[in-house]
Amino acid sequence: MLTRRAILYKSAAFGAVFQSIDSAFPAEKERQLSPHFIAEAWYAHTAFLVLLGAQDRLVATAARPEITPWMFHFFPQFRKIARLQPPALNAEALLSLKTDLLFLPETEMGQSTVFRQQGLRAVALGFSDMEGLLHCVRETASLINTPLAFRRARAYERALRHALTQCVPSPHGPRLLHMASLKPLKVDGRQTIIDQWIEAAGGQNAASLSGNHREVTAEQIVMWNPDVIIIPASAPERDFFQSHPILSRLRAVQTQRVYRNPAGLFLWDRYGPELLLQLDWAKQIVTAGHSDEGAMMDRIVAFYRDFYGLHVSNWEAGRMLAALPPSPS
């Protein structure tokens, strides 16, 4: 039986997710012509373009192989296109690439008007929650305006909607602290997409503050004393908490419930389409204390096949699950 909190969680926090999928997409015939030369100045958004089948239209991106190695592993052509370093963007350079659509992060919205005045079609996007993520998928598909983009966007939205119906938040779930960084100590608090997937997985956010990448002290983390800690996939220190003079006495450390978050084309745990995989993995971590490696590997293979058209081997899926790069470094 669902608790009142669980019912409110589904009906209010994610209410917009359950709208009619077809009505959420404007008629395709009303859209502008499909762009052929896309410049991507929001590095996280590159994963959305790949999801929607626009990878061969990219002429420039802010994505970096050192940050998203799996993306460059599966799409090595990205190493040959122009690298953008926002906010230092040059309109003439973009026009020389024949750019007919420029994506900007929401934080650079002010630049979109300037670029449009110089003849560039520029769109600023961003989101802070699951509803916003779905809107970003829909809006990006509408801008790409290809049958494949619309088909994948609808399929993705159906899949996320279904996944959320399987989530039953618990007011008594373990208190989970999501680390955005270890050096310096940064956490993700309330009113974030991280907070949403923590609750969807059956946990409670141990951080009492709000926002992303909030810098905190070791003493503050001790006060929260989380049951579970999740660290970034890219964190180099595998025994950071165990060897820390203060944090080693945390409940999560003493009970060996510190986990490294998997990563794929983009970071599963942050603002990208792999949120679907994160929901599956996080539910297992919260409820069972470990992930079912075989089942998760099957899920990873199926996810990238169905939504990205990629063939991911079991070896590659296993390395993603273990938060390892495509090949030993």
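For the sequence shown, the positions run 324 to 652 when the numbering used here is used.
Note that CB positions come from ideal geometry on N, CA and C, so glycine has one too.
Please determine, among the options, the residue with the shortest C-alpha to C-alpha distance to residue i.
i, options, result
"Arg580", "Trp591, Asp452, His485, Ala611", "Ala611"
"Ala362", "Arg477, Ile404, Trp393", "Ile404"
"Ile516", "Ala529, Gly534, Leu505", "Gly534"
"Glu616", "Leu602, Asp629, Asn637, Phe626", "Asn637"
"His501", "Val551, Ala386, Gly455, Gln601", "Val551"
"Val491", "Gln607, Asn468, Asp452", "Gln607"
"Gln519", "Ile390, Gln601, Leu588, Trp365", "Gln601"
"Val545", "His536, Arg574, Ala556, Gly526", "Arg574"
"Arg642", "Ala472, Gly525, Arg583", "Arg583"
"Arg475", "Gly376, Gly455, Arg513, Asp603", "Gly376"
"Leu424", "Gln441, Thr488, Val510", "Gln441"
"His368", "Ala646, Pro596, Val576, Val609", "Pro596"
"Tyr366", "Pro409, Arg402, Pro399", "Pro409"
"Pro668", "Gly526, Leu647, Leu471", "The structure shown does not extend to residue 668, since the chain is modelled only from 324 to 652, so the question has no answer here."
"Ser531", "Ile521, Arg572, Arg513, Glu522", "Arg513"
"Gln400", "Thr384, Asp562, Ala556", "Thr384"
"Pro568", "Phe630, Glu542, Val373", "Glu542"
"Arg537", "Asp511, Pro555, Phe473, Asn548", "Asp511"
"Arg593", "Ala524, Asp452, Ala472", "Asp452"
"Asn548", "Ala411, Leu412, Arg498", "Arg498"
"Leu427", "Thr463, Gln355, Ala558, Ala529", "Thr463"
Whose C-beta lies closer than 6 Å to the C-beta of residue i among residues of the same chain, with five residues either side of it excluded?
i, result
"Leu508", "Val539"
"Ala640", "Met620, Ile623, Val624"
"Pro388", "Phe395"
"Val635", "Val624, Tyr627"
"Ser650", "none"
"Gln489", "none"
"Ala370", "Leu588, Phe589, Gly595, Pro596"
"Ile467", "Leu375, Ala377"
"Ile554", "Met502, Arg583"
Going by DSSP in three states, residue i sits in which element: helix, strand or coil?
i, result
"Arg513", "strand"
"Ser435", "helix"
"Thr384", "strand"
"Pro399", "helix"
"Phe630", "helix"
"Leu418", "helix"
"Gln408", "strand"
"Ala377", "coil"
"Val624", "helix"
"Ala646", "coil"
"Leu372", "helix"
"Asn637", "helix"
"Glu480", "helix"
"Glu389", "coil"
Please list, in chain order, all residues of the same chain as residue i whose beta carbon is under 8 Å from its beta carbon, the five residues on each side excluded.
i, result
"Val382", "Phe360, Ile361, Ala362, Ile404, Ala405, Leu420, Lys421, Thr422"
"Ala478", "Asp629, Phe630"
"Val460", "Phe371, Leu374, Leu375, Ala476, Tyr479, Glu480, Pro596"
Closer than 7 Å by C-beta to residue i: which residues in its own chain qualify, once you throw out the five before and the five after it? Chain order, please.
i, result
"Arg380", "Pro358, His359, Phe360, Ile361"
"Leu599", "Ala482, Leu483, Ala486, Phe626"
"Leu319", "The question about residue 319 has no answer here: the residues shown for the chain are numbered 324 through 652."
"Ser571", "Phe564, Gln565"
"Ala414", "Phe438, Gln441, Leu443"
"Ala556", "Arg583, Asn584, Pro585, Ala586, Leu590, Ala646"
"Met432", "Ala447"
"Ser334", "The predicted model places Ser334 with a pLDDT of 37, which falls under 50 and marks its position as unreliable; any figure quoted below should be read in that light. Closer than 7 Å at the Cβ level, and outside the excluded window around Ser334, lies no residue."
What are the partner residues of residue i, as DSSP defines its beta bridges?
i, result
"Pro428", "Leu448"
"Ser582", "Residue identity differs from the one stated: residue 582 is Tyr in this sequence, not Ser. Beta-bridge pairing links Tyr582 to Ile553."
"Ala362", "Ala383, Leu425"
Answer yes or no: does any C-beta atom of chain D fall closer than 9 Å to that of residue i?
i, result
"Trp520", "Given the protein chain composition of this structure (a single chain), no chain D is represented."
Taking 8 Å as the cut-off, is the C-beta of residue i nearer than that to any heavy atom in the ligand ADP?
i, result
"Val446", "Absence of the ligand ADP from the depicted structure is noted, as is the absence of any ligand whatsoever, leaving it without description."
### Task
Report the residue ranges of all alpha helix (DSSP H) runs contained in full by the segment 438–472; include only those spanning at least 4 residues, in chain order.
Runs of the alpha helix (DSSP H) lying entirely within the segment 438–472 and spanning at least 4 residues, in chain order: 453–467.
### Query
Which runs of the alpha helix (DSSP H), 4 residues or longer, sit entirely within the segment 485–548?
Within the segment 485–548, the complete alpha helix (DSSP H) runs of at least 4 residues are 516–523, 541–547.
### Query
Which whole runs of the beta strand (DSSP E) in the segment 558–611 are 3 residues long or more, in chain order?
Here the runs fully enclosed are 581–583.
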